[in-house]
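Numbering-wise (the working numbering), the sequence shown opens with residue 3 and increments by one.
By construction, the Cβ of each residue, glycine as well, lies at the ideal position given by its N, Cα and C atoms.
Working notes, structure below.
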Amino acid sequence: MILNLIDSFKSEFSEKLYRADYLLADTRIPWVSLYDHLMLTAGFAAALAEELLRRGRTPAKASRTADLGGPV
């Protein structure tokens with residue numbers, strides 16, 4: 003599952019982001035590119051989603067704050 007998400011991201015966005023002449027973003031760390039920042043953030047999101055699904059959450063439930071420990 004996680005490999006499918008990574009492959010989808012790479013095929014849809016990776017090359018476009020890497021070759022973009024101008025991107026408006028602020029990663030707050032000058033030596034970290036937007037491309038690197040997006041890859042890392044997407045990786046965290048995909049890993050969290052995979053873990054929630056592995057623990058029996060449905061996609062609809064996994065997207066709700068209550069399932070992440072917030073108020074029900």
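Cβ pair I4, A44 closer than 8 Å | As a position in the sequence shown, residue 4 is number 2, starting the count at 1. As a position in the sequence shown, residue 44 is number 42, starting the count at 1. I4 places its beta carbon 8 Å or farther from that of A44.
Out of P32, F15, A51, W33, which has the shortest C-alpha to C-alpha gap to Y65?
-> The residue you call residue 65 lines up with position 63 of the sequence shown. The question names Tyr, yet the displayed sequence has Ser at residue 65. Among P32, F15, A51, W33, the Cα nearest to that of S65 belongs to A51.
Continuous alpha helix (DSSP H) stretch holding E17: start and end | Reading the sequence shown from its first residue, position 15 is the one you call residue 17. That run of the alpha helix (DSSP H) goes 17–21.
Of the listed residues F46, S16, L54, L55, nearest to L36 (C-alpha basis) | Position 34 of the sequence shown holds residue 36. The shortest C-alpha separation from L36 is found at S16.
Helix, strand or coil for V74 per DSSP?
-> Counting from one through the sequence shown, the residue named residue 74 turns up at place 72. Any reading at V74 is ruled out, since the residue's pLDDT is 44, under 50, leaving its predicted position unreliable.
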